[in-house]
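With the first letter of the sequence shown counted as 1, position 39 gets the number 38 in numbering that gives the first Met the number 0; the numbers rise by one all the way through.
A virtual CB, placed ideally from N, CA and C, is assigned to each residue, including glycine.
Below is one structure, written out as structure tokens; comments come after it.
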Amino acid sequence: MTHRLSVAHLSAITLPPPDFIEAAAVAGFDGVGLRLMRVTEDSPGYPLMEDPALMRATLAALRQTGLALRDIEFVKITSEIDIAALAPLLDAGAELGAAQLIAAPYDDDLSRLADRLAALSDLARSRGIGVVLEFFPWTVVPDLAACWRVVQAAGEGVGMLVDSLHIDRSNSDLALLRQIPPDRLPFAHLCDAPRLPAYDTEALLMTARAERLPPGEGQIDLQAFVGALPKNIDLSLEVPMTRRLMAEGGAAVLRHIHAATVAFLDAR
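This is the structure we're talking about:
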């Protein structure tokens, strides 16, 4: 196995950052992603930029475990967004050593979206943080091709985040994924899930936010997905399993995700 493995906060979102970092280290991951902004009303975020005590505890957990902070998430780019107002978030990310900031497309004007994405990238780059745009099938940027167009319009410094679930649900072309320059793909999200003949928005959201599966336990063609990615790309496991999380707790869930991922990658 030649991929560095991190785990996204959504995989055990009920754990505050210090506990999540410690559980990820015990599970065997070498990096984490942290959710510093609330995404939905029923899923927490942990705004460390507003909580000095939690920030100190998070920094201590990163130092003690040696884990890298691969990404922070996420910024919804809307028509009303004030990019300059994101400076405290980026300052917190820089203090934590974050490598990337994940952005999401929520502006119907794709030209303006690209401009705002470029401005966010400039602000983040001044703090040593890259920016990646992630596409979602229920948004104005629903697939890989649309995301690639926006990212190219935003400029050379902007990257993309591809998620195996969203690639599958959007029927995106893996041939295009193979053609994207590796420097535009600093890491990728990996998970599995059942496949259905069709999906409505409710089904897309439920799986994406609450009930995915670890690699090798669903029906997505992950062999083809990983094979289309740049060699040795960093992989972030984003595998929310709400029912299992409630029953077993975050530490057990992260151990299961890591073990399943290693088994999947070793079998390739």
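Looking only at DSSP bridge pairs, what is residue i linked to?
i	result
G30	S5, A67
K75	A103
L189	L236
V131	I101, G158
E210	M240
S42	T39
Helix, strand or coil for residue i? Go by DSSP, reduced to three states.
i	result
F263	helix
T138	coil
D199	coil
M159	strand
T13	coil
R126	coil
P229	coil
Q178	helix
E216	coil
I256	helix
S171	coil
R148	helix
I80	coil
R111	helix
R183	helix
D50	coil
G249	helix
R62	helix
Would you say residue i and residue j are within 8 Å of each other, going by their C-beta atoms?
i	j	result
A144	D162	no
V140	L116	no
L253	S10	yes
Q222	P193	no
H8	D233	no
T260	L4	yes
A98	I128	yes
L100	D70	yes
R124	D90	no
V95	T57	Contrary to the premise, residue 95 reads as Leu rather than Val in this sequence. Yes, Cβ-Cβ distance for L95 and T57 is below 8 Å.
G249	F28	no
V6	S235	yes
L160	D191	no
R177	A227	yes
L14	A22	yes
M54	L88	no
P43	I82	no
Can you check which of these residues, the options, is closest to residue i by C-alpha distance?
i	options	result
M36	G27, P16, R55	P16
P239	D220, L189, P181, R126	L189
L175	R55, I20, L88, P229	P229
A202	D106, P136, E155	P136
D107	G96, A262, I80	I80
T241	A24, R34, D41, L33	D41
L112	V6, A26, L264, V74	V74
Y105	G158, M48, L53, V38	V38
V25	A251, A262, P180, L85	A251
A93	A197, V130, I76	V130
P181	H257, A197, G158, P214	G158
A262	E216, F224, M48	E216
I166	W147, R243, L33, A86	W147
P214	L164, P196, L132	L164
L66	L132, G156, G30	G30
L85	P46, P51, N231	P46
E237	A246, D199, I256, F134	I256
E72	E133, A52, D50, P51	E133
I179	Q151, T200, L204, Y198	Q151
For the segment 204 to 221 against the segment 177 to 185, are there 3 or more C-beta pairs whose distance is under 8 Å? Cβ pair count under 8 Å is below three, so no.
If we count Cβ pairs, one from each stretch, closer than 8 Å, do we get three or more for the segment 118 to 130 versus the segment 50 to 66? Segments in contact, no.
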